[in-house]
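J.: If you read the sequence shown in our numbering, its first letter stands for residue 10, the second for the next number, and so on.
The beta-carbon is built from N, C-alpha and C at its ideal position, and this holds for glycine as well.
On a predicted model such as this, the values are computed, not experimentally measured, just so you know.
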Amino acid sequence: MNINSFVRSYTARNLNGEDFLEHVANLIERQLKEWDSVFEVIIKKFANYELIIKMNELSYCVDLSENELNYLQQKAPFALDQKVWEELQNQGLPIINGFGDYMDFVL
């Protein structure tokens, strides 16, 4: 998947935290579906945000507080993506390279 860094910068500056998280989650799901159509991304809001990635019976979870979400959004346009992908990698999600430039921006 390819991504436009100018549009991402604009999006990061102009969306509220929850909308930005939904935007990033949609991009993550699009990237995952390029690898395998069985992936599903779910966002849940409790005391913190929970980003759940499901692949058949496997699931991966990234927790984000509202403060952390806002900090990452303001830090850099791809900081939230980087945090999520690093957490997924640490939990054992295999990363596949060679599908556009999105992964180059985030890893």
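Helix, strand or coil: which one does DSSP assign to E31?
T.: helix
J.: Have a look at I62 and W94 and give me their C-alpha separation to the nearest angstrom.
T.: 11 Å
J.: Is the separation between the beta-carbon of L47 and that of M64 shorter than 7 Å?
T.: Rather than Leu, the amino acid found at residue 47 in this sequence is Val. In this structure, V47 places its C-beta atom within 7 Å of the C-beta atom of M64.
J.: Per DSSP, K54 forms a beta bridge with which residues?
T.: Y58
J.: Mark P86 as exposed unless 16 or more other C-beta atoms lie within 10 angstroms of its C-beta, in which case mark it buried.
T.: Buried, because 16 or more other Cβ atoms sit within 10 Å of the Cβ of P86.
J.: Beta-carbon within less than 6 Å of L41's beta-carbon, same chain only, minus the 5 sequence neighbours each way: which residues are those?
T.: F48
J.: Around the C-beta of Q83, are 16 or more other C-beta atoms found within 10 angstroms, so that it is buried, or is it exposed?
T.: exposed
J.: So for L102, helix, strand or coil by DSSP?
T.: coil
J.: How close, in whole Å, do the beta carbons of L81 and L60 come, if the pair is a contact with beta carbons under 8 Å?
T.: With a Cβ gap of about 12 Å, L81 and L60 do not count as contacting.
J.: According to DSSP, simplified to helix, strand and coil, what is M112?
T.: helix
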